[in-house]
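A.B. asks: Let me give you the structure first, and then I'll get to my questions.
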Amino acid sequence: MNRPKTVLDAVRLQNPESVALVSNQETLTYGQLALYSDAVARFLVTQGVGPGDLVPIEAARSTNFVIGLLGILKSGAAYIPIDHAYPDARKTYIMEQSRSPWLLTSTRDAKQSTSAQVVDIDTLRRETSTPFAPAGDVSPTAPMYVIFTSGTTGVPKGVVVEHHSVLAFVDWHNRHFQVDDQCRSTSMAALGFDVAHWEIWSALCSGSRLYLLDDMVRRDAAELVRFYAREGITHAFVPTVMAADVIKHSTHPSSLKYLFTGGEKLNPVDTDHVRFSLIDYYGPTEATIWATFHPVPSASLGQEPSIGTPVDGARIWILDKTMREAPPGMTGEIYIAGSCLARGYLHNERLTAEKFLPHPFEPGQRIYRTGDLGRWLPDGSVQFLGRADEQVKIRGHLVEPSEVELVLARQPGIRQLSVTATAPAEGSPRELIAFLIPEDASISPRDLVARIRETARALLPDYMAPGHYAVRETFPLNANGKTDKAALLASFVHAAGPARSFDEVEDTVERSVLEAFQAALQHSDFQRSDSFFEIGGHSMLAAEVIAALSDVHALPLRITDIYNHPTAEQLAAEIRLRQQASDEVSDHTPSDVLWNDVVLPDDIAFSAPFDVDRLQDPNHVLLTGATGFVGIHLLAELLATTRATVHCIVRARSTTEAMRRIQEKIDEYKVPIAAADIDRIKAYPGDIASSRFGLALDDYDALCRDVEVIHHSASAVNFIKPYSAMKRDNVDGLIGIIRFAATGRTKALMLLSTISIYSWGYWITGRDAVSEEDDIDQNLEAICSDIGYVKSKWVMEKIADLAQARGLPLATFRLGYATYHSKTGLSANYQWWGRLVKTCLSLGQVPDLHELREGLSSVDYMTKAIAHIARNPAALTQKFNLIHSGENNVSLKQFFTLLERYFDFRFAVVPFRQWRSLWMDDPKTPLYPVLNLFRDRMYKDNCIIEMYQQTYLWQHDKTSAFLEGSGIQAPTFDEDELRRYLEHSIGIGLIGQSEDGRRAPITA
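With the working numbering applied, the sequence shown covers 2 to 1005.
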């Protein structure tokens, strides 16, 4: 027997006596289906329809619809399904694109809204007096159908799919999942969706029985399960949004062997109680229905979500922005190649060329750009991470809502989850919103949200944690049965309605706090006892709350107040105390509090000697903080200057995610790491402040045994949080590092500290300069009034010195401000200095602050210096100030003078407090989130910025001596460096030249 070349050939092979279609109205055999479809084909051919033509067919779920499809194919033409439920405008557009004078209809109430001639299939099927003899076979490369999908511009686009692609997939699916003439399946998917046509042709090509479900059954999961049992269904498809419900209601054994789903990202689902297999399919219409498949493991196994592996005829590639293959575990865009690819887009050669590209690795072949993000998992399957065009900027960070869904959906109690971003008014920050459908409708929405919020805080960076949660009974669906995220978001905005009133709160102070919380969060779903940071608050919003309350109560409140008193009732109580107090309130921390934390547990002892040769040629290095701006560049230097394997502990849920976070930072900052060196990076999901870093015991023991040198770059850097909020990450984290250094072999510690360790002690000591050997205790009075970050660094250095006295091989590096990378101009988007530059540029004014020095430097200078000095055994026991002198030790006003010298900027120098008044009441100002640095009183009515005027000159003789002959040069802040910084970090384009030769700036 010859193998069929098209689905038409395969259908013709079926037994004419077998039942083909079952609906509520009738049952048809394969013989009847052939007879009736012949009548349709005869009519079309007599009207001149043939190969190369397109015939639209208005679709309802009926036997006539299938008869019409088969009749069109027999005529040699291709069909275009138009779902009867489509809006009239969409129907009209598709008809116009088809350029057909005919419209077949399988409905009895088709609207005559088209200029085409409408032909009723029910009428045609009665004309069965003469057999139909087709002129010839249909070519396998001929178009079989055109499916119109929704384009990103809102205009539907027609995807032209050929016979061979459909037959190949249907043949593979039927063989792989044992679909034969004894099977029974259902027609479930929306008829304008290509999945519906897989359901039809899978059944008809195998000789099995297809049940056409009515809407009453299709929309009710419980009724659907009863239908499966009653009719002996063996294979069925349901949209993703129904999969969990169908599984939930499948409590009794049935004939069902496979339940297929697809079309959206599948949340984890518990399948332990069912006997059938759940198969999740993924694929765009452009790849002929499905491109990958995944036998879904039960959620109880805790496996990573996946869309599986390619089906026959499809090949998956995950490529970066330069069309190179993304390393395993790294995020890239999903591309599809193979014989599965559609011909292209109907009447749209430009779009076809944009999406169906020449294959970068296989000359003469094509590859389709899906626009979806994904990554390879260790088992060789693909993980779907959402749409590239759904990425949003949250507080300067690029976030994929689908990644947030991956984390939250694995928590118990959630039946369905969708995360999207709000679309705020101009100037307002975007926030994520998570829509939840609980598994148990009786559960308190408040309790569910509280638990999911806690999970989000524990597993996600704060900018990825949703700021809003909304519990729903159902999700709105679009015409193809997928979650309609636009409608979900609209429902949230509508449901938000008028702001909740707190008028019933009798205490006026507490009411003011509740209202300030509400105004900043833009919702009122919280109680007086809820922490601001657990209901969507973050540092930027905290500044807004404190500014509002300071005005309302005429009090100099501080941003740290909301961290120390995060609930409405606590903050209100603190405000009442302030109103009654006569003394000035500050962030001063008594010195005995800091001294009490300078403790090294007695059980930490260094009994084994350290081999100093390991500094010059280490085999294994531990690097903490590898995803920070300094840390990722230090990683590059360690790889470039040693042969060591570099082990990195990263806050993440899995090894794959930990490595992915490192790769993201490599890409974000364009860090030059050779591809061959990537293999020397070993990432571990963990937390240095947790016991054994939160690692598995075997991993921790192996690191204790192998690591020779530690570079401790990890540090919570925050200019707002109080010392109490910094202690765990910074102080407790260091103690964990020192314990690790003493366990097993003795390891050397390269501790990264800060030049701010000297604080503004010159006000106390009266000295102009400090050396690297100077005792930092002389500045303690100043440190006690400095920000929490500086206090934590002082405690860290003191603890490290205690460990050194017990035998820890230690070198301490006090870093200046990593302003940018001198070659790329890139900087960390969270830096306050960049916010200062943007603010001064927008105002055209700079504050008259005298000799205010932040220790501006470049990240590449500092990391090169650390990597070089750390290899020198003489560095042990030493302190190094990674800072500059002379013209390279740039003050604030000198920095802006350089911008005036090199570029066409002019800044007015105005008194500090006058300059501050220009922006301190405007939350849209770049500096507003760190308002505390410029407003909160630190010492004698001065804020911290004022206190750092006329600061120490930091000597660095030892650093200079160790770098002599290395070729490592301090940044020069010349025109080229600053231009790169302005263009790539600040967002200023510098084009053209003025008459005096200076470059003219434009805002990017």
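Don't be surprised by glycine CBs; every beta carbon is placed ideally from N, CA and C.
1) Do GLY309 and SER255 have their C-beta atoms closer together than 8 Å?
2) Tell me whether the beta-carbon of VAL180 lies closer than 8 Å to the beta-carbon of SER209.
3) Sort ARG219, LEU883 and VAL160 by Cα distance to SER772 and report the nearest one.
4) By the three-class DSSP mapping on this structure, what secondary structure does THR1 have?
5) Just list the beta strand (DSSP E) runs in the segment 159–206, keeping only unbroken ones of 3 residues or longer that don't cross its boundaries, in chain order.
6) Let me know if LEU34 comes out buried or exposed under the rule of 16 or more other beta-carbons within 10 Å of its beta-carbon.
7) Going by other Cβ atoms of all chains shown within 10 Å of its Cβ, with 16 needed for buried, is THR878 buried or exposed?
8) Compute the distance between the beta-carbons of ARG815 and LYS880, then report whether it is under 8 Å.
9) Per DSSP, what kind of secondary structure is ILE674 in: helix, strand or coil?
10) When DSSP labels each residue in this structure, what does ASN597 get in the three-state scheme?
11) What is the rounded straight-line gap between the Cα of GLU360 and the Cα of GLU978?
12) For ASN16, count neighbouring Cβ atoms within 10 angstroms of its own Cβ and tell me buried if that reaches 16, exposed if not.
13) Beta carbon of VAL622, beta carbon of VAL647: below 8 Å?
14) CB ILE201 to CB PRO157, shorter than 8 Å?
15) Cβ atoms of VAL12 and LEU71: under 8 Å apart, would you say?
16) Specify the secondary structure class of PRO972 as computed by DSSP and reduced to three states.
17) On the premise that PHE238 lies in contact with ALA1022, defined as a C-beta separation below 8 Å, what is that separation, rounded to the nearest angstrom?
18) From what residue to what residue does the alpha helix (DSSP H) around VAL796 run?
19) State the Cα-Cα distance for the pair PRO285 and ARG981, rounded to the nearest angstrom.
20) Taking the straight line between their C-alpha atoms, what separation do you get for ALA471 and VAL420?
21) To the nearest angstrom, how far is the alpha carbon of SER530 from that of TYR953?
22) Within its chain, find whatever has a CB closer than 8 Å to the CB of SER19; leave out the 5 residues flanking it on each side and keep chain order.
23) Can you tell me whether VAL408 is buried or exposed, with buried defined as 16 or more other CB within 10 angstroms of its CB?
24) To which residues of the same chain is ILE738 closer than 8 Å at the C-beta, ignoring the five residues directly before and after it?
25) Do ILE758 and TRP795 have their C-beta atoms closer together than 8 Å?
26) Starting from the Cα of PRO686, find the closest Cα among ALA569, THR657 and GLU965 and give me that residue.
27) Are the segment 936–943 and the segment 553–571 touching by the rule of at least three beta carbon pairs closer than 8 Å?
28) For a test of the three-state rule: what should DSSP assign to CYS705, helix, strand or coil?
29) Just to confirm my understanding: we take GLU128, look at its own chain, exclude 5 residues before and 5 after, and list those with CB closer than 6 Å. What are they?
30) On the three-state DSSP scale, how would you describe LEU267?
31) Return the CA-CA distance between ALA1 and ASN65, expressed in angstroms with no decimal places.
32) Can you tell me where the alpha helix (DSSP H) with GLU334 in it begins and where it stops?
33) Answer with buried or exposed for GLU774, where buried requires no fewer than 16 other C-beta atoms within 10 angstroms of its C-beta.
34) Please state the DSSP three-state secondary structure of SER918.
35) Are LYS92 and LEU9 touching if we call contact CB-CB under 8 Å?
36) If ARG662 and THR628 are in contact, beta carbons under 8 Å, what's the gap, nearest whole angstrom?
C.D. replies: In short:
1) On the sequence shown, residue 309 is found 308 positions in, with the first residue counted as 1. On the sequence shown, residue 255 is found 254 positions in, with the first residue counted as 1. Contact: no.
2) The residue you call residue 180 lines up with position 179 of the sequence shown. The residue you call residue 209 lines up with position 208 of the sequence shown. A contact, by the Cβ cut-off of 8 Å.
3) Residue 772 sits at position 771 when you count from the first residue of the sequence shown. Nearest C-alpha to SER772: LEU883.
4) This structure does not reach residue 1, given that the chain is present from 2 up to 1005, and the question cannot be answered.
5) If only uninterrupted beta strand (DSSP E) runs of at least 3 residues are considered, those enclosed by the segment 159–206 are 185–188.
6) Residue mapping note: residue 34 aligns to position 33 of the sequence shown, counting from 1. Its Cβ being crowded by 16 or more others within 10 Å, LEU34 is buried.
7) For the purposes of this step, residue 878 is taken as the residue at position 877 of the sequence shown. So THR878 ends up on the exposed side.
8) Stepping through the sequence shown from its first residue, residue 815 is reached at position 814. Stepping through the sequence shown from its first residue, residue 880 is reached at position 879. Yes. Within cutoff.
9) On the sequence shown, residue 674 is found 673 positions in, with the first residue counted as 1. In the three-state reduction of the DSSP assignment, ILE674 falls in the coil class.
10) By 1-based counting over the sequence shown, the position of residue 597 is 596. Helix at ASN597.
11) Translated into the one-based positions of the sequence shown, residue 360 becomes position 359. Translated into the one-based positions of the sequence shown, residue 978 becomes position 977. For clarity, residue 360 is His in the given sequence; the question names Glu instead. Answer to the nearest angstrom: the Cα atoms are 38 Å apart.
12) Start at 1 with the first residue of the sequence shown, and residue 16 comes out as number 15. For ASN16, the number of other beta carbons within 10 angstroms of its own is below 16, and it is reported as exposed.
13) Working through the sequence shown from its first residue, we reach residue 622 at position 621. Working through the sequence shown from its first residue, we reach residue 647 at position 646. Yes. Within cutoff.
14) For the purposes of this step, residue 201 is taken as the residue at position 200 of the sequence shown. For the purposes of this step, residue 157 is taken as the residue at position 156 of the sequence shown. No, the pair does not count as a contact, with Cβ atoms beyond the cut-off.
15) For the purposes of this step, residue 71 is identified with residue 70 of the sequence shown, where counting begins at 1. For the purposes of this step, residue 12 is identified with residue 11 of the sequence shown, where counting begins at 1. Between LEU71 and VAL12, the CB-CB gap stays under 8 Å.
16) Here residue 972 corresponds to residue number 971 of the sequence shown, with the count starting at 1. Note: PRO972 maps to coil in three-state DSSP.
17) The requested residue 1022 does not occur in the structure, where the chain is confined to residues 2 to 1005.
18) The residue labelled residue 796 in the question sits at position 795 within the sequence shown. Where VAL796 is concerned, the enclosing alpha helix (DSSP H) starts and stops at 789–806.
19) Residue 285 sits at position 284 when you count from the first residue of the sequence shown. Residue 981 sits at position 980 when you count from the first residue of the sequence shown. Whole-angstrom Cα-Cα distance: 41 Å.
20) On the sequence shown, position 470 is the one that residue 471 refers to. On the sequence shown, position 419 is the one that residue 420 refers to. Each residue's alpha carbon lies about 10 Å from the other.
21) Locating residue 530 in the sequence shown gives position 529, where the first residue counts as 1. Locating residue 953 in the sequence shown gives position 952, where the first residue counts as 1. Answer to the nearest angstrom: the Cα atoms are 45 Å apart.
22) Looking up residue 19 in the sequence shown gives position 18. Apart from the 5 residues on each side of it in sequence, SER19 sits with its Cβ closer than 8 Å to the Cβ of THR30, TYR31, ASP182, GLY208 and ARG210 in its chain, given in chain order.
23) Here residue 408 is taken as the residue at index 407 of the sequence shown, counted from 1. Its Cβ being crowded by 16 or more others within 10 Å, VAL408 is buried.
24) Within the sequence shown, residue 738 is the residue found at index 737, counting from 1. Closer than 8 Å at the Cβ level, and outside the excluded window around ILE738, lie THR625, ILE689, ILE711, HIS713 and LEU750.
25) Here residue 758 refers to the residue found at position 757 when the sequence shown is read from its first residue. Here residue 795 refers to the residue found at position 794 when the sequence shown is read from its first residue. In terms of Cβ geometry, ILE758 and TRP795 form a close pair [threshold 8 Å].
26) Translated into positions along the sequence shown, residue 686 becomes position 685. Residue THR657 holds the alpha-carbon nearest to the alpha-carbon of PRO686 among ALA569, THR657 and GLU965.
27) The segment 936–943, when compared against the segment 553–571, does touch it at the 8 Å Cβ threshold.
28) Within the sequence shown, numbered from 1, the residue matching residue 705 stands at position 704. CYS705 sits in a helix when the DSSP states are folded into three classes.
29) In the sequence shown, residue 128 corresponds to position 127, counting from 1. Only ALA40 meet the Cβ criterion.
30) By 1-based counting over the sequence shown, the position of residue 267 is 266. It is coil, neither helix nor strand.
31) The chain is shown from 2 up to 1005; residue 1 falls before or after that span and cannot be answered.
32) As a working mapping, residue 334 is identified with position 333 in the sequence shown. Premise fails: GLU334 lies in the beta strand (DSSP E), 333–338, not in any alpha helix (DSSP H).
33) Looking up residue 774 in the sequence shown gives position 773. GLU774 should be labelled exposed.
34) Position 917 of the sequence shown, counted from the start, is the residue given in the question as residue 918. If DSSP states are grouped into helix, strand and coil, SER918 belongs with the helices.
35) Here residue 92 refers to the residue found at position 91 of the sequence shown. Here residue 9 refers to the residue found at position 8 of the sequence shown. Against a cut-off of 8 Å, the Cβ pair of LEU9 and LYS92 comes out as no contact.
36) Here residue 662 refers to the residue found at position 661 of the sequence shown. Here residue 628 refers to the residue found at position 627 of the sequence shown. Sure, about 5 Å apart at Cβ, within 8 Å.
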